[in-house]
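Undergrad: The structure's right below; bear with me while I get my questions together.
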Ligand SMILES: NC(=O)C1=CN([C@@H]2O[C@H](COP(=O)(O)OP(=O)(O)OC[C@H]3O[C@@H](n4cnc5c(N)ncnc54)[C@H](OP(=O)(O)O)[C@@H]3O)[C@@H](O)[C@H]2O)C=CC1
Ligand SMILES: O=C1O[C@H](COP(=O)(O)O)[C@@H](O)[C@H](O)[C@H]1O
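In my numbering, the protein residues as written are 3 to 457.
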């Protein structure tokens with residue numbers, strides 16, 4: 003492939019073939035009474051609405067769950083979560099958005115509930131146009147996977163798009179996609195019998211994070227990295243994940259599914275694939291997926307480092323309660339012969355404070371000829387002032403509406419190690435790093451530059 007094919011936004015690698023669609027769009031959040039729906043799904047929809055991606059003339063949003071509540075009760079439950087950390091949206095936006103939201107109560111396996119749901123969707127579709135138009139139906143399963151099969155059966159039987167004029171029905175399913183290989187395959191085949199692969203969006207929200215999405219661009223659009231990103235130059239890669247908070251009411255879910263299925267087999271393994279995979283032929287979803295699968299089958303992660311992995315029933319911790327919240331990728335290069343300061347390292351900080359920095363050896367400023375470790379730092383808040391970085395869910399829901407499966411996935415697994423609450427993680431993690439020949443530069447700490455305080 004010629005280099006020019008990689009260098010322009012409009013070329014075959016970077017371009018997006020999806021065509022904008024219009025017509026009624028119904029977004030149905032199943033499990034609307036739950037944690038994910040209020041914390042992530044509805045706020046993401048709200049931010050898409052504020053940016054004009056969900057025009058009120060076309061869109062309506064329906065919550066569905068067993069809990070018996072009214073439209074207003076659902077609106078009141080989610081209202082306080084909509085703005086999140088962003089306060090730029092005026093309160094009229096919140097009220098206008100909430101007018102688009104309605105609620106239907108029903109079980110996850112009864113014809114009655116889903117017939118009612120279909121009726122509500124159809125009413126909306128009719129009310130939006132005097133004549134029949136194409137209809138788009140997006141079902142977001144913010145539910146425990148145990149109910150996916152019955153919910154998918156009900157959608158298939160009662161709630162599919164019926165317009166002859168086009169449109170679609172798409173189903174977004176949350177991880178974990180099963181408990182082991184057998185249950186994952188069973189779940190896949192149950193859903194696969196009901197929907198075609200292009201209708202199924204297996205969401206892993208880490209794939210929607212800004213710096214995770216930047217990985218392919220970084221790796222394949224920069225000559226700095228192209229010739230160096232291989233085992234001749236890279237000594238080891240660390241993928242680090244920590245959280246401060248505890249299970250916070252989700253203990254039951256962790257009891258059933260476990261921390262490994264919650265974080266490692268999906269989020270971290272997906273990040274691993276993007277770090278390890280070869281260059282895909284293009285950014286088309288199937289080309290990316292092909293390369294990701296190849297990286298899984300040919301390069302088993304030797305050290306997928308989990309700094310967040312204890313689960314004890316006693317105090318309700320589950321991969322939480324560490325001393326900080328952090329997710330980052332550390333690519334450590336091999337030693338430069340004779341160089342004592344430390345290794346070159348390329349760090350991609352996914353959160354908090356999105357940043358990329360390269361640790362390198364420079365001359366210590368001054369009269370003496372001595373060396374010191376420093377960094378080239380691209381901290382997003384400082385470099386992209388005034389730019390709002392979209393939430394992962396926001397981006398992925400928009401991709402679903404646009405029919406872009408590039409950032410959606412498959413499945414996998416790993417193991418766990420205990421650690422002290424409030425610590426920086428298990429001591430074994432450092433031993434594991436050492437075994438992977440990660441060379442820590444003692445005394446060196448990357449910090450937010452002071453000028454960042456101006457923001
Ligand atoms: N919460 C989070 O931060 C994240 C969650 N996820 C994934 O999203 C999905 C939903 O998570 P979350 O919202 O936390 O889950 P919840 O436990 O809050 O469940 C969501 C809703 O599902 C219904 N429900 C709960 N348990 C059952 C059950 N055993 N049988 C039938 N219905 C049930 C309840 O609604 P009702 O009783 O009203 O029907 C509940 O309000 C999961 O797959 C999870 O892995 C992914 C990323 C982050
Ligand atoms: O999927 C999940 O992810 C969150 C962490 O997501 P983040 O975007 O805040 O890093 C985790 O807390 C939760 O347990 C898990 O279900």
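Note that beta-carbon positions come from the ideal geometry of N, C-alpha and C, so glycine has one too.
Checking contacts by CB at 9 Å: is residue 123 closer than that to chain E?
TA: In the structure shown, chain E does not exist; there is a single protein chain.
Undergrad: Got a sec, what are the start and stop residues for the beta strand (DSSP E) residue 375 sits in?
TA: What you label residue 375 is simply residue 373 of the chain shown in a count that begins at 1. Taken as a continuous stretch (DSSP letters only), the beta strand (DSSP E) holding residue 375 covers 373 to 381.
Undergrad: Using the C-alpha atoms, what's the distance from residue 108 back to residue 167?
TA: Working through the chain shown from its first residue, we reach residue 167 at position 165. Working through the chain shown from its first residue, we reach residue 108 at position 106. Computed Cα separation, rounded: 29 Å.
Undergrad: Look at the alpha carbon of residue 181 and the alpha carbon of residue 66, and state the distance between them as a whole number of angstroms.
TA: In the chain shown, counting from the first residue as 1, residue 181 sits at position 179. In the chain shown, counting from the first residue as 1, residue 66 sits at position 64. Those two C-alpha atoms are separated by around 25 Å.
Undergrad: By a C-beta neighbour count over all protein chains shown, 10 Å radius and 16 as the cutoff for buried, is residue 225 buried or exposed?
TA: Here residue 225 refers to the residue found at position 223 of the chain shown. Exposed: under 16 other Cβ atoms inside 10 Å.
Undergrad: Could you give the residue range of the beta strand (DSSP E) that holds residue 26?
TA: The residue labelled residue 26 in the question sits at position 24 within the chain shown. Unbroken beta strand (DSSP E) run through residue 26: 26 to 32.
Undergrad: Are residue 85 and residue 103 closer than 9 Å when you measure CB to CB?
TA: By one-based count along the chain shown, residue 85 stands at place 83. By one-based count along the chain shown, residue 103 stands at place 101. No, Cβ-Cβ distance for residue 85 and residue 103 is not below 9 Å.
Undergrad: What three-state label does DSSP hand residue 113 in the structure shown?
TA: Start at 1 with the first residue of the chain shown, and residue 113 comes out as number 111. Residue 113: helix per DSSP, three-state reduction.
Undergrad: Under a three-way DSSP split, which group does residue 286 fall into?
TA: Stepping through the chain shown from its first residue, residue 286 is reached at position 284. Three-state result, residue 286: coil.
Undergrad: Closer than 8 Å: is that where the CB of residue 331 sits relative to any heavy atom of ligand 2?
TA: For the purposes of this step, residue 331 is identified with residue 329 of the chain shown, where counting begins at 1. No, the beta carbon of residue 331 sits no closer than 8 Å to any heavy atom of ligand 2.
Undergrad: Figure out for me which residue from 144, 208, 129, 136 has the closest Cα to the Cα of residue 32.
TA: Taking the first residue of the chain shown as 1, we reach residue 32 at position 30. Answer by Cα proximity: 144.
Undergrad: Quick one: residues in its chain with C-beta nearer than 7 Å to the C-beta of residue 24, no 5 flanking neighbours on either side, listed in chain order?
TA: Counting from one through the chain shown, the residue named residue 24 turns up at place 22. Closer than 7 Å at Cβ, skipping near neighbours: 60.
Undergrad: Straight-line CA distance for residue 425 to residue 323?
TA: By 1-based counting over the chain shown, the position of residue 425 is 423. By 1-based counting over the chain shown, the position of residue 323 is 321. Answer to the nearest angstrom: the Cα atoms are 8 Å apart.
Undergrad: Any idea if residue 150 is buried or exposed, counting beta-carbon neighbours within 10 angstroms, 16 or more meaning buried?
TA: Counting from 1 along the chain shown, the entry for residue 150 is found at position 148. By the neighbour-count rule (16 or more Cβ atoms within 10 Å), residue 150 is buried.
Undergrad: Could you give the residue range of the beta strand (DSSP E) that holds residue 402?
TA: By one-based count along the chain shown, residue 402 stands at place 400. Unbroken run through residue 402 is the alpha helix (DSSP H), 394 to 404; no beta strand (DSSP E).
Undergrad: Of the choices 120, 63, 52, whose alpha-carbon is the least far from that of residue 93?
TA: As a first step, residue 93 must be located in the chain shown, where it is residue number 91. Measuring from the Cα of residue 93, the nearest candidate turns out to be 52.
Undergrad: In chain order, which alpha helix (DSSP H) runs of at least 4 residues are fully inside the region 130 to 190?
TA: Correct list: 150 to 160.
Undergrad: Classify residue 77 as helix, strand or coil using the three-state DSSP reduction.
TA: If you number the chain shown from 1, residue 77 lands on position 75. In this structure, residue 77 counts as helix in the three-state DSSP scheme.
Undergrad: Does the region 378 to 386 come close enough to the region 115 to 124 to have 3 or more Cβ pairs within less than 8 Å?
TA: Contact fails: fewer than three Cβ-Cβ distances are below 8 Å.
Undergrad: Suppose the cutoff is 7 Å on Cβ atoms and the five residues either side in sequence are ignored; what does the same chain contact list for residue 294 look like?
TA: By 1-based counting over the chain shown, the position of residue 294 is 292. Contacts found: 275, 279.
Undergrad: Do residue 62 and residue 28 have their C-beta atoms within less than 9 Å of each other?
TA: Counting from 1 along the chain shown, the entry for residue 62 is found at position 60. Counting from 1 along the chain shown, the entry for residue 28 is found at position 26. Result yes, Cβ atoms of residue 62 and residue 28 sit closer than 9 Å.
Undergrad: Is residue 313 helix, strand or coil by DSSP?
TA: Position 311 of the chain shown holds residue 313. With a pLDDT of 39 at residue 313, under the threshold of 50, the modelled position of this residue cannot be trusted; read the value that follows with caution. Of the three classes helix, strand and coil, the one that applies to residue 313 here is strand, per DSSP.
Undergrad: Less than 8 Å between C-beta atoms, sequence neighbours within five positions excluded: which residues of the same chain meet that for residue 1?
TA: Nothing can be reported for residue 1, as the shown portion of the chain is limited to 3 through 457.
Undergrad: With DSSP collapsed to three states, give me the class of residue 65.
TA: Here residue 65 is taken as the residue at index 63 of the chain shown, counted from 1. In this structure, residue 65 counts as strand in the three-state DSSP scheme.
Undergrad: Alpha carbons only, please: which of 297, 252, 240 is nearest the one belonging to residue 349?
TA: Residue mapping note: residue 349 aligns to position 347 of the chain shown, counting from 1. Of 297, 252, 240, the residue nearest in Cα terms is 240.
Undergrad: Does residue 329 come out as helix, strand or coil in the three-state DSSP assignment?
TA: Taking the first residue of the chain shown as 1, we reach residue 329 at position 327. Here residue 329 sits in strand by DSSP.
Undergrad: So who's on the other strand from residue 105, going by DSSP bridges?
TA: Here residue 105 corresponds to residue number 103 of the chain shown, with the count starting at 1. DSSP lists 65 as partners of residue 105.
Undergrad: Can you tell which of 409, 171, 78, 212 has its C-alpha closest to the C-alpha of residue 285?
TA: For the purposes of this step, residue 285 is taken as residue 283 along the chain shown, with counting starting at 1. Closest by alpha carbon: 409.
Undergrad: Closest by CA to residue 113, which one among 139, 158, 148?
TA: Here residue 113 refers to the residue found at position 111 of the chain shown. Nearest of 139, 158, 148 to residue 113, Cα basis: 158.
Undergrad: Does the distance between the C-beta of residue 67 and the nearest non-hydrogen atom of ligand 1 fall short of 8 Å?
TA: Reading the chain shown from its first residue, position 65 is the one you call residue 67. For ligand 1, at least one heavy atom lies less than 8 Å from the Cβ of residue 67.
Undergrad: Heavy atom of ligand 4 less than 8 Å from the Cβ of residue 246, yes or no?
TA: For the structure depicted, ligand 4 is absent and the ligand set comprises only ligand 1 and ligand 2.
Undergrad: For residue 50, which three-state DSSP category applies?
TA: Stepping through the chain shown from its first residue, residue 50 is reached at position 48. Residue state, collapsed to three classes: helix.
Undergrad: With distance defined between alpha-carbon atoms, name the residue in 177, 82, 124, 200 nearest to residue 165.
TA: Position 163 of the chain shown holds residue 165. Comparing Cα-Cα distances from residue 165 to each of 177, 82, 124, 200, the minimum goes to 124.
Undergrad: In chain order, what residues of the same chain lie with their CB nearer than 6 Å to the CB of residue 358, ignoring the 5 residues before and after it?
TA: Walking along the chain shown from the start, residue 358 turns up at place 356. Contacts found: 350, 380.
Undergrad: Just to confirm, is the Cβ distance from residue 405 to residue 204 under 9 Å?
TA: Your numbering for residue 405 matches position 403 in the chain shown. Your numbering for residue 204 matches position 202 in the chain shown. Cβ distance not < 9 Å, so residue 405 and residue 204 don't count as in contact.
Undergrad: Is residue 136 near ligand 1, in the sense that its beta carbon is under 8 Å from a heavy atom of that ligand?
TA: Here the question's residue 136 lines up with position 134 in the chain shown. Answer for residue 136: no, Cβ out of range of ligand 1.
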